[in-house]
Amino acid sequence: MNISSNLIDEENLKKLKEINNKYVEEIVEKYVKLCKPKKVTVLTGSEEDIAYAKRLALENKEEVQLEMEGHTIHFDGYSDQGRDLINTRVMLPKGRKLSKSIKTVDRDEGLKEIMELLDGIMEGKEMLICFFCLGPTNSKFSIPALQLTDSAYVVHSEAILYRQGYNEFKQLKGSNKFFHFIHSAGTLDDRKNPINVDKRRVYMDLEEDRVFTINNQYAGNSVGLKKLSLRLAISKASREDWLCEHMFIMGVHPEGKSRTTYFTGAFPTACGKTSTAMVPGQTIIGDDIAYIRLGGDGTARAVNVEQGIFGIIADINQKDDPLIYKALTTPREVIFSNVLVKDKIPYWLGMGKEIPKDGFNFSGEWQEGKKDDDGKEVTAAHKNARYTIRIGELDNADKDADNPEGVSVSGFIYGGRDSDTSVPVLQSLSWSHGVFIGAAIESETVTGTSDKAGVRKHNPMSNIEFLTVPLGTYIKNHLKFGEDVDNEPKIFATNYFLKEDGNFLNEKTDKKVWLIWMEGRIHDEYGVIETPIGFIPKYEDLRQLFSKVFGKEYSKEEYEKQFSIRIPKLLERLDRIESIYKEEENIPEMFHKHLEQQRERLKKAQEKSGKDVISPFELE
Numbered sequence: 376m377n378i379s380s381n382l383i384d385e386e387n388l389k390k391l392k393e394i395n396n397k398y399v400e401e402i403v404e405k406y407v408k409l410c411k412p413k414k415v416t417v418l419t420g421s422e423e424d425i426a427y428a429k430r431l432a433l434e435n436k437e438e439v440q441l442e443m444e445g446h447t448i449h450f451d452g453y454s455d456q457g458r459d460l461i462n463t464r465v466m467l468p469k470g471r472k473l474s475k476s477i478k479t480v481d482r483d484e485g486l487k488e489i490m491e492l493l494d495g496i497m498e499g500k501e502m503l504i505c506f507f508c509l510g511p512t513n514s515k516f517s518i519p520a521l522q523l524t525d526s527a528y529v530v531h532s533e534a535i536l537y538r539q540g541y542n543e544f545k546q547l548k549g550s551n552k553f554f555h556f557i558h559s560a561g562t563l564d565d566r567k568n569p570i571n572v573d574k575r576r577v578y579m580d581l582e583e584d585r586v587f588t589i590n591n592q593y594a595g596n597s598v599g600l601k602k603l604s605l606r607l608a609i610s611k612a613s614r615e616d617w618l619c620e621h622m623f624i625m626g627v628h629p630e631g632k633s634r635t636t637y638f639t640g641a642f643p644t645a646c647g648k649t650s651t652a653m654v655p656g657q658t659i660i661g662d663d664i665a666y667i668r669l670g671g672d673g674t675a676r677a678v679n680v681e682q683g684i685f686g687i688i689a690d691i692n693q694k695d696d697p698l699i700y701k702a703l704t705t706p707r708e709v710i711f712s713n714v715l716v717k718d719k720i721p722y723w724l725g726m727g728k729e730i731p732k733d734g735f736n737f738s739g740e741w742q743e744g745k746k747d748d749d750g751k752e753v754t755a756a757h758k759n760a761r762y763t764i765r766i767g768e769l770d771n772a773d774k775d776a777d778n779p780e781g782v783s784v785s786g787f788i789y790g791g792r793d794s795d796t797s798v799p800v801l802q803s804l805s806w807s808h809g810v811f812i813g814a815a816i817e818s819e820t821v822t823g824t825s826d827k828a829g830v831r832k833h834n835p836m837s838n839i840e841f842l843t844v845p846l847g848t849y850i851k852n853h854l855k856f857g858e859d860v861d862n863e864p865k866i867f868a869t870n871y872f873l874k875e876d877g878n879f880l881n882e883k884t885d886k887k888v889w890l891i892w893m894e895g896r897i898h899d900e901y902g903v904i905e906t907p908i909g910f911i912p913k914y915e916d917l918r919q920l921f922s923k924v925f926g927k928e929y930s931k932e933e934y935e936k937q938f939s940i941r942i943p944k945l946l947e948r949l950d951r952i953e954s955i956y957k958e959e960e961n962i963p964e965m966f967h968k969h970l971e972q973q974r975e976r977l978k979k980a981q982e983k984s985g986k987d988v989i990s991p992f993e994l995e
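Residue numbers (the working numbering): 376 to 995.
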């Protein structure tokens with residue numbers, strides 16, 4: 376290695392050499408020379424190194440200590456509050472195609488642009504070199520990950536969110552089978568926020584399993600091991616016949632029964648994904664990304680890529696989310712981001728207590744009624760404000776969260792935000808029909824991205840933003856996986872957001888009943904009503920479950936409103952989905968078959984009943 380001694384001292388150089396991997400050394404040498412940091416520090420994941428990153432984040436004011444022990448606050452720049460959907464692109468070699476919905480940039484042009492932007496970007500700053508592991512260590516699921524960054528906040532976040540991987544790199548025995556990520560926040564202002572947000576770039580290079588992300592801090596853009604690694608892993612999974620999914624993993628524990636049934640679930644941002652994984656009485660393995668492989672026992676087995684949660688904090692309150700709320704309001708290691716701080720105490724929207732009328736937030740000094748340069752009122756905390764915490768800090772962490780073999784998954788859940796069409800819960804008619812349901816997800820957008828809120832968007836498997844393979848290939852992989860598994864998981868769909876006259880038809884907590892019903896279906900404990908769109912619960916089963924779980928009456932009127940089949944709305948959705956898929960190449964015939972069959976079933980039901988909205992009682 377030819378890194379000059381004034382940039383990396385003997386101690387740090389020794390840490391690199393102990394890995395005995397020329398590819399790691401070449402990467403470090405290349406980007407030290409290009410980015411030109413004043414100092415290079417290698418972190419091995421030891422307690423001392425982790426403490427160093429935390430201390431550095433406080434010293435350089437990327438984070439500020441709050442009143443409660445272990446709590447810190449980080450503020451992203453005002454224009455850096457969500458995933459950048461415009462400048463996040465896959466670098467595509469000439470002649471290669473992806474789906475039209477996936478943003479790309481010519482690989483040669485993208486590399487040229489990035490290298491120019493990286494030139495000298497870390498001048499006067501410290502480069503931190505870190506080693507992590509995606510998935511449990513010492514596992515067939517493990518993917519080592521090398522991170523180069525000039526942000527101590529990013530390193531601190533990753534130390535919470537991911538397992539340390541220095542030893543995993545030693546076990547590579549010189550192999551280049553790892554992901555690597557190059558990040559720089561770029562030039563910072565007095566608030567330690569990037570000033571060149573207009574030059575924000577997030578580029579994935581599938582050819583070399585690497586990501587470049589620059590001129591940003593928001594963790595959804597800057598933390599390479601999160602959604603950026605998801606894109607790399609989707610490509611890898613497609614090549615190797617396993618699934619990489621934007622899914623939670625949780626254990627459902629029915630009362631009075633000595634069993635645990637594991638589910639995965641894919642929900643677009645702010646559609647109840649984390650709150651589902653955190654339903655009281657159940658256990659959580661992960662809330663965001665799952666690797667799913669065929670196990671030696673013939674079942675689908677899943678692991679959480681992460682060991683922590685980077686979750687939306689808005690509307691987390693003691694009543695609806697007691698477990699998360701407790702973790703966020705008691706002493707433990709938590710990074711808050713973009714909330715309001717007053718007297719070193721964090722406040723967020725919908726927390727169930729009065730919020731101060733002034734304080735400090737993502738816009739700087741704040742007072743009620745403050746407006747930004749465009750005349751838009753600045754909320755006390757951002758709607759996409761976040762918290763970062765280890766899952767092991769939660770009372771409901773599953774005992775098998777770090778099982779290197781993963782857990783056996785019996786059910787997949789696909790969710791979305793839909794105000795006028797979908798029933799609260801249903802089961803697919805088959806595995807392939809379930810794949811169709813997942814591939815046809817529509818959801819109304821919220822503020823988790825830099826996109827506008829309230830837009831109905833197609834989001835297959837809740838993964839469209841992260842796909843790095845053609846959509847047709849992605850769907851084929853799901854169909855094939857079901858064929859390869861001896862006992863394929865049952866597939867369900869949920870919608871917590873159905874409304875009538877502007878009012879939600881369900882309580883937030885009702886999802887516990889839907890979960891218990893789904894778990895019972897896995898074990899053939901509940902009957903169903905077959906409808907044109909899938910199997911729905913019977914009224915009597917739900918009545919008993921609401922009584923048992925919540926001790927409350929569940930009326931026939933509530934059931935009928937929630938589970939009626941709204942045929943015109945469903946047909947309109949099929950038309951929208953069909954028009955989208957007409958623009959895609961090589962979509963499996965099975966998808967088109969299920970779309971047409973569902974349309975025929977809906978029209979026949981409409982013709983037979985003479986109604987546009989059919990009560991579930993008429994379908995029994």
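In this text, a Cβ means the ideal position worked out from N, Cα and C, and glycines have one as well. It should be emphasised that the depicted structure is a prediction, and the values quoted were computed from it without experimental measurement.
Going by the CB atoms, is the gap between residue j and residue i shorter than 8 angstroms?
{"i": "Ile-624", "j": "Thr-639", "result": "yes"}
{"i": "Val-860", "j": "Lys-887", "result": "no"}
{"i": "Ile-535", "j": "Pro-721", "result": "no"}
{"i": "Arg-464", "j": "Ala-594", "result": "no"}
{"i": "Gly-691", "j": "Ile-699", "result": "The sequence as given places Ile at residue 691; Gly does not occur at that position. Cβ atoms of Ile-691 and Ile-699: closer than 8 angstroms."}
{"i": "Phe-642", "j": "Leu-804", "result": "no"}
{"i": "Leu-358", "j": "Pro-799", "result": "The requested residue 358 is not part of the displayed model; the chain covers only 376 to 995."}
{"i": "Pro-706", "j": "Lys-717", "result": "no"}
{"i": "Tyr-871", "j": "Gly-647", "result": "yes"}
{"i": "Gln-682", "j": "Arg-538", "result": "yes"}
{"i": "Glu-708", "j": "Arg-765", "result": "yes"}
{"i": "Leu-605", "j": "His-621", "result": "yes"}
{"i": "Leu-607", "j": "Val-577", "result": "no"}
{"i": "Phe-867", "j": "Ile-788", "result": "yes"}
{"i": "Leu-492", "j": "Ile-589", "result": "yes"}
{"i": "Gly-727", "j": "Lys-694", "result": "yes"}
{"i": "Trp-889", "j": "Thr-869", "result": "yes"}
{"i": "Val-782", "j": "Asp-775", "result": "yes"}
{"i": "His-833", "j": "Ile-952", "result": "yes"}
{"i": "Lys-390", "j": "Gly-495", "result": "no"}
{"i": "His-969", "j": "His-853", "result": "no"}
Counting only the same chain and skipping the five closest in sequence on each side, list residues whose C-beta sits under 6 angstroms from that of residue i.
{"i": "Ala-652", "result": "Phe-623, Met-625, Ile-659 and Asp-662"}
{"i": "His-531", "result": "Ala-428, Lys-429 and Ala-432"}
{"i": "Thr-763", "result": "Ser-532, Ile-535, Phe-685 and Ile-710"}
{"i": "Thr-824", "result": "Only weak support is given to the placement of Thr-824: the predicted model assigns it a pLDDT of 47, under 50, and the question is left unresolved by the model."}
{"i": "Phe-735", "result": "Val-716"}
{"i": "Cys-505", "result": "Leu-418, Gln-522 and Val-530"}
{"i": "Gln-919", "result": "none"}
Mind checking who residue i pairs with in its DSSP beta bridge?
{"i": "Cys-505", "result": "Leu-418 and Gln-522"}
{"i": "Ile-624", "result": "Thr-639 and Gly-661"}
{"i": "Tyr-593", "result": "Per DSSP, none; premise fails for Tyr-593."}
{"i": "Ser-559", "result": "Ile-589"}
{"i": "Lys-865", "result": "Gly-786"}
{"i": "Val-678", "result": "Tyr-666"}
{"i": "Met-579", "result": "Val-465 and Val-586"}
{"i": "Tyr-722", "result": "Leu-715"}
{"i": "Ser-818", "result": "Lys-832"}
{"i": "Lys-746", "result": "Glu-752"}
{"i": "Pro-569", "result": "Leu-563"}
Under 7 angstroms Cβ to Cβ from residue i, same chain only, skipping five residues before and after it: list those, please.
{"i": "Leu-977", "result": "Pro-907, Ile-942, Leu-945 and Leu-946"}
{"i": "Gly-510", "result": "Phe-516, Ser-517, Ile-518, Tyr-666, Val-678 and Val-680"}
{"i": "Gly-549", "result": "Asn-395, Asn-396 and Lys-397"}
{"i": "Lys-436", "result": "Lys-567"}
For residue i, which residues from the same chain have a beta carbon less than 8 angstroms from its beta carbon, with the 5 sequence-adjacent residues on both sides left out?
{"i": "Glu-743", "result": "Lys-732, Asp-733 and Ala-755"}
{"i": "Met-466", "result": "Thr-479, Val-480, Asp-481, Arg-482, Gly-485, Leu-486, Tyr-578, Met-579, Asp-580, Leu-581 and Glu-582"}
{"i": "Val-407", "result": "Ile-378, Leu-382, Ile-383, Val-415 and Met-502"}
**Request:** Evaluate contact between the segment 894-909 and the segment 874-883, counting only Cβ atoms and requiring at least three cross-stretch pairs below 8 angstroms.
**Result:** No: fewer than three Cβ pairs fall under 8 angstroms.
**Asked** Would the segment 596-608 and the segment 543-559 be scored as touching if the rule is three or more Cβ pairs under 8 angstroms?
**Response** Pairwise C-beta distances place the segment 596-608 in contact with the segment 543-559, as three or more of them are shorter than 8 angstroms.
**Message:** Using 8 angstroms as the cut-off, can you tell me whether the segment 963-978 makes contact with the segment 841-861, which would need three or more C-beta pairs spanning the two stretches below that distance?
**Reply:** yes
**Message:** Which runs of the beta strand (DSSP E) at least 3 residues long sit entirely within the segment 440-511? Give them in chain order.
**Reply:** 446-449, 463-467, 479-481 and 501-509
**Request:** Report yes or no: do the segment 918-935 and the segment 809-818 share at least 3 C-beta pairs separated by less than 8 angstroms?
**Result:** no
**Length-filtered (4 minimum) alpha helix (DSSP H) runs lying within the segment 931-963** = 931-938 and 942-956
**Asked** Which runs of the alpha helix (DSSP H), 4 residues or longer, sit entirely within the segment 841-895?
**Response** The segment 841-895 contains these whole alpha helix (DSSP H) runs: 846-859.
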